[in-house]
Amino acid sequence: ASQGLGGFYEGASNEGILYLIDGSNNAGVLLSSAGDSYFNSGNVGIGTNSPDKKLEILSTASNHLRLAYSETAFWDLFQNAADGSFRILKDNGSLFTFAQSGNLGIGTDSPSRKLDVRDTSNTQATILAYNKGASFTGTVYEAITDRTASSAFNLMNLKASTVSKFIVKGDGDVGVGTGSPTSNSNRTTLTLDNSTWGGVYELKRAGVLKSKWMWGTGATSVFGTVLSEDLEFITNNSTKMRITSGGTVG
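Residue numbers for the sequence shown follow this note's numbering, beginning at 16 and rising by one.
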């Protein structure tokens, strides 16, 4: 019967070569001290004698697979023994964490959402969405829910610390400075709320303030133009009242 053989010899460049040949006289394994090395058949196990994949690493401790440029510059693929998470590390610092729950963390080892991104930078944006298409006609950022419109959920909620500063409800109502914009049946509402003074609604053109609506904690609200321009009130797209920049009403 055919029988596999193995051997060790010195190569043409004085390198040491170890080889194993299978029963069909094919080189299955070749290890060279200076040239190419390869495994031509079967699976390779590290820490196991019954590997199920081409390469299987088994350990009761946390497992690392390291890709290194130097002793201090490297990437690690790492399975944490404590919580079973899979992590990608750069120079011993976690960059990506895939939790057993299915959550993905960037900058955190304990992601609490399907995507949990955290950053400690004081200057750069935490998330950047940038489309460079010169003829782009799509949507840069899109969030979709299968639920029909309702004020019972939020499409977006931007917070400073734990305080809502900009919120879009599921029915389209928008709150600025409040997490609870006024809800009006069959209408979309914009609510501006500031506990210190009140609210300001400004209209600008090319960065120049044209008009504003201002209200505060006192009894007076301000509505009108800022520049030396007339203020018109219209109905049915026709001017019904005009206040000139000089104060004349007509």
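Glycine is no exception: its CB is placed at the ideal position from the N, C-alpha and C atoms.
Beta-bridge pairing by DSSP links leucine 104 to Asp91, Ser109. Separation of aspartate 37 and leucine 20 (C-alpha to C-alpha, rounded to the nearest whole angstrom) is 7 Å. Distance between leucine 207 and serine 150, taken at the CA atoms: about 35 Å. Between glycine 192 and asparagine 169 a beta carbon distance of about 15 Å is seen, past the 8 Å cut, so the two are scored as non-contacting. Counting only residues of its own chain and dropping the five nearest sequence neighbours on each side, glycine 50 has a CB closer than 8 Å to the CB of Gly26, Ser28, Glu30, Ile32. Going by C-alpha positions, serine 65 is about 19 Å away from alanine 76. Counting every other CB atom within 10 Å of its CB across the protein chains shown gives glycine 261 a total below 16, marking it as exposed.
Isoleucine 182 sits buried, since 16 or more C-beta atoms from the chains shown fall within 10 Å of its C-beta. Sequence-distant partners of alanine 42 (beyond 5 residues in either direction) whose C-beta falls short of 7 Å from its own C-beta, in its chain, are Tyr34, Ile36, Asn55. Beta bridge pairing from DSSP links valine 59 with Leu70. Taking all protein chains shown into account, lysine 129 has fewer than 16 neighbouring C-beta atoms within 10 Å of its C-beta and is therefore exposed. Taking a contact as a CB-CB distance under 8 Å, the pair leucine 104 and tryptophan 90 counts as one, their CB atoms being some 7 Å apart. Distance between lysine 225 and leucine 242, taken at the CA atoms: about 6 Å. Phenylalanine 168 sits in coil when the DSSP states are folded into three classes, being neither helix nor strand.
The beta carbons of aspartate 245 and threonine 259 sit closer together than 7 Å.
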